[in-house]
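Mind the numbering: the sequence shown is residues 1354 to 1869 in this note's numbering, read in order.
Structure record follows, encoded as structure tokens.
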Amino acid sequence: MAIPPKIYTFLCACFAAMGAMLYGYDLGVISYVIVAPNFLTTIDTTDDDYIGFIVSSMLLGAFAGSIPASLIADRFSRRMAITVAGGVFILGGILQTATQDKETMFAGRFFAGIGIGMLGVLAPLYQSEIAHPSKRGMLTATFQFFLGIGAIVAGWIAYGVQQTHPNDPIAWRLPLGFQMLPAVPLLLLSFLLPESPRWLMIKGREEDALRTLARLHARGNQNDAFVLGEWHSMKQKVGEEAQTDQSWGLIFKDRTNLRKVLYGIILQFSVQMTGVSAIQYYAATVYKSVGFSQSTSLLINSLNNINALFGELACILLVDKVGRRFPLIAGNMLAGTCFAIATALAKQFAEGGGNRGQGIGFVSVLFIYNFVFSACIGPLSWVYPVEIFNTAVRGKATALTCMAAWISNFMIGQVSPKAWSNIGWKYYLVFTVCGFTNALTFYILFPETKGRTLEEMDTYFRETHWFVPGAKVPSISSTDREVQLAQEGVSQEHGLPSEDTEKGLKGGEYHHREAI
């Protein structure tokens, strides 16, 4: 029996999302590694600058890997680029696991970062291009969900090993070595994925694009109404884009493309300014500052990773129902509120007061924050940017927005140790203020993209005023869009009258509705 299209497409998206596990694992494991006594002895330093750079060198690699990912993806295919990224990450993992000094550790983190940076571009890019418009948010949000799985696995492996062998090399070498496991299928099995139909179309392989769309959305039926409609829409859009400049200049010369890239960059910077990476990377420092031991701090961090997974699951289930705009606005307001409370509690401990109840309150507030971030902010930082670009610039523009994610992440990784050393609890005020300014920015600038096809995003953004509140934008539901695409496809392929097509669709002949 053939796999139902919605399950098949979801599984393809999940396979690509294993790239996010590598990033999530790194986020989860590094806070344990940098406090392991044997690791500090091996690299022969406890200097804050070196420790900060060990954390952040992965992010520099990710920054460096973003542009090559887009070039390989556009030239050789999305699948080939994923394969290359998996191989580069494994090289970095080997160097980290076998390190004998801080220089080798830097190199290993950098090469692993290149792989992570490539996959940060490629996984959402691939997911958005194979997804049905009504399920695109759900599929792309799996990236953050798998990131959460990686963080959980890393946290519990590292915590367990450090409890049993706290002063041995295995306390950090085993967790670092384990991170290579998800990269193996990316290296060896990516060829089993269907190629992106939009990449096939821009390469002139129109029949292959049709077959792939049918495979993804209609059990292989190339005469399916939705498949034909989507195929004709892609063909028309790619034909229009072929008449324009295909270089990087297309991003900067076209005002709509430039606007969308700026939105992606703003969104990625805003994510880091909520404080998520500061808490994740330096969990031991954060929780020790409110009265918990190092061991308990690491346990709290592991439990918080599980909490985040529930938030990410909520996003997967709800993002295509509630959209993108409202969660970004509400989530950032709640994040700012959580950090306002956390700041007040942290201040008590910094001034020599603070008690057990206040410490538990601090942890509880950060648990609430982490759930909100995982449900409303983190996943949408991957969903929104990749879906607003057209096929001609999607790979290049996604690389630029991902570079913003990595460089802002690098900034937080470098600044945080010194910030806590020099200003302590006041550092949380930055995240408090930014939560509210982020919400205001999204309210003013970011239009809703739920349910719209990738091919219509250019027109949508051109017709939407940059000041979104009060802007008059026609709303098209996923159901209406599906009927519209199906009408277009059946009419062009078979010459059926539109009213007959619509009657057939609404009367149950449109079997694809069952598939999604």
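Just so you know, even glycine gets a beta-carbon here, dropped at the ideal spot from N, CA and C.
In this structure, DSSP gives T1802 a state outside helix and strand, which the three-state scheme calls coil. Restricted to the stretch 1488–1520, the alpha helix (DSSP H) segments that are unbroken, complete and at least 4 residues in length are 1489–1517, listed in chain order. By the C-beta criterion, the stretch 1439–1455 is judged not to be in contact with the stretch 1478–1497, since fewer than 3 inter-stretch pairs fall below 8 Å. Linking P1732 to Y1376 through their CA atoms gives a straight-line distance of about 13 Å. The residue among D1607, G1418, M1554 with its C-alpha nearest the C-alpha of S1586 is M1554. With fewer than 16 other Cβ atoms inside 10 Å of its own Cβ, K1674 counts as exposed. Contact fails between the stretch 1702–1711 and the stretch 1791–1805, because fewer than three Cβ pairs, one in each stretch, are under 8 Å apart. The three-state reading of DSSP puts N1660 in helix, counting H, G and I together. In the structure shown, W1601 falls within a coil segment according to DSSP collapsed to helix, strand and coil.
A check of alpha carbon separations from Y1722 across I1360, T1696, F1499, D1397 identifies T1696 as the nearest. Assigned with DSSP and collapsed to three states, R1558 falls in coil, not helix or strand.
Comparing alpha carbon positions, the residue from T1744, K1641, M1374 closest to A1504 is M1374. By the Cβ test, the stretch 1457–1474 is in contact with the stretch 1419–1433, since at least three Cβ pairs between them sit closer than 8 Å.
Counting along the chain, R1432 sits inside the alpha helix (DSSP H) bounded by residues 1431–1450.
For K1455, same chain residues with a beta-carbon under 8 Å away, outside a window of 5 residues either side, are I1396, D1397, T1398, Y1403, I1407 in chain order.
Residues of the same chain with a CB within less than 7 Å of the CB of M1371, apart from the 5 flanking positions on each side, are F1499, P1535, P1538, L1539 in chain order. Below 8 Å, too few C-beta pairs join the stretch 1652–1671 and the stretch 1759–1774 to call them touching: fewer than three. Of the candidates A1355, F1799, Y1780, P1486, F1799 places its Cα closest to the Cα of R1612.
When only Cα atoms are considered, I1425 and C1668 end up about 30 Å apart. A direct Cα-to-Cα measurement between A1369 and I1694 gives close to 38 Å. By the neighbour-count criterion, in which 16 or more other beta carbons inside 10 Å mark a residue as buried, D1577 falls on the buried side. When the beta-carbon positions are compared, F1702 and S1642 come within less than 9 Å of each other. DSSP, read as helix, strand or coil, puts A1355 in coil.
In this structure, G1501 keeps its C-beta atom at 9 Å or more from the C-beta atom of E1740. Between V1386 and the set P1358, Y1361, I1523, the nearest pair of CA atoms involves I1523.
Counted as a single uninterrupted DSSP element, the alpha helix (DSSP H) harbouring E1456 occupies residues 1455–1483. Between the C-alpha atoms of A1683 and C1729 there is a straight-line separation of about 8 Å. Secondary structure of R1568 (DSSP, three-state): helix.
The beta-carbon distance between E1801 and R1608, rounded to whole angstroms, is 21 Å. This is too long to meet the 8 Å contact definition.
R1432 is the residue among A1824, R1432, C1367 whose C-alpha sits nearest the C-alpha of E1548. Per DSSP, reduced to three states, the secondary structure at N1708 is coil, with no helix or strand assignment.
The beta carbons of N1660 and D1521 sit about 30 Å from each other, so the pair does not count as a contact at 8 Å.
According to the DSSP assignment, Y1635 belongs to no alpha helix (DSSP H), since it is labelled neither H nor E. Non-local beta-carbon contacts of F1459 in its own chain, meaning distances under 6 Å to residues more than five positions away in sequence, involve S1410 in chain order.
Taking a C-beta distance under 9 Å as the contact criterion, V1382 and A1507 qualify as a contact pair. Counting only unbroken stretches of 4 or more residues, the alpha helix (DSSP H) elements lying wholly within the stretch 1362–1410 are 1390–1396, in sequence order.
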